[in-house]
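Single-structure report; data block below.
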Amino acid sequence: VRCPDAATAAEMEAHIREVRKEGDTIGGIITGVIQNVPLGLGEPVFDKLHAQLGKAMLSINAVKGFEYGSGFEGVKMKGSEHNDAYKTDGSTKTNFSGGVQGGISNGMDIYFNVAFKPVATLIQPYETIDKKGELVQTKGKGRHDPCVVPRAVPIVEAMAALVMADFVLLNRTIKS
6 VRCPDAATAA
16 EMEAHIREVR
26 KEGDTIGGII
36 TGVIQNVPLG
46 LGEPVFDKLH
56 AQLGKAMLSI
66 NAVKGFEYGS
76 GFEGVKMKGS
86 EHNDAYKTDG
96 STKTNFSGGV
106 QGGISNGMDI
116 YFNVAFKPVA
126 TLIQPYETID
136 KKGELVQTKG
146 KGRHDPCVVP
156 RAVPIVEAMA
166 ALVMADFVLL
176 NRTIKS
């Protein structure tokens, strides 16, 4: 488990071990941070930076959700609270926009979350239907991860890097 807090990482690992013992599975969330983002990457309509990041993340198996910046929590705020006010150095006092405004990077770090569903194959018995449409009990066989999130971290990192590399190259092409 990759987690910046050692105590939280230990709790996560213990929870995954417990779920494995139960023959069950769990999902989870990976938080991504892209640092030192150049100002001006992205497009205002069809190739919005956050839309391409979302598209890349949602193409990963088991992903069920993507949010950036304040995401769904932002709906609980008023515009006067949520707006990222600029400072004289060009940075913002807050980063509720998650580093992207109007589809274009604003020079702040990009924050996003990727939600992964629990693995569908269970080691404990569960009900399904057979080829005839009859209800049957079954259970998964072989080796299955109780949680794909730890294995998905480098995939999320790679997809984010690919999207950012595309936008950096496009930006250079447009400027030349």
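Its first residue numbered 6, the sequence shown is counted upward by one per residue in the numbering used here. No residue lacks a Cβ here, since even glycine has one placed at the ideal position from N, Cα and C.
With a contact defined as Cβ atoms closer than 8 Å, Pro-151 and Asp-29 qualify at about 7 Å. Residue state for Ala-56 is assigned as helix, using DSSP reduced to three classes.
Assignment of Ile-65 by DSSP, reduced to helix, strand and coil, places it in the coil class. Within the same chain, and ignoring the five residues on either side of Leu-63 in sequence, the residues whose Cβ sits closer than 6 Å to its Cβ are Phe-71. Pairwise C-beta distances place the region 95 to 103 out of contact with the region 31 to 41, as fewer than three of them are shorter than 8 Å.
With fewer than 16 neighbouring CB atoms inside 10 Å of its own CB, Val-80 falls in the exposed class. If you draw a 10 Å sphere on the C-beta of Leu-167, you find fewer than 16 other C-beta atoms in it, and that means exposed. Contact annotation: Val-158 and Gly-104 have beta-carbon atoms that are not nearer than 8 Å. As computed with DSSP, Asn-118 is found in a beta bridge with Thr-36 and Glu-72.
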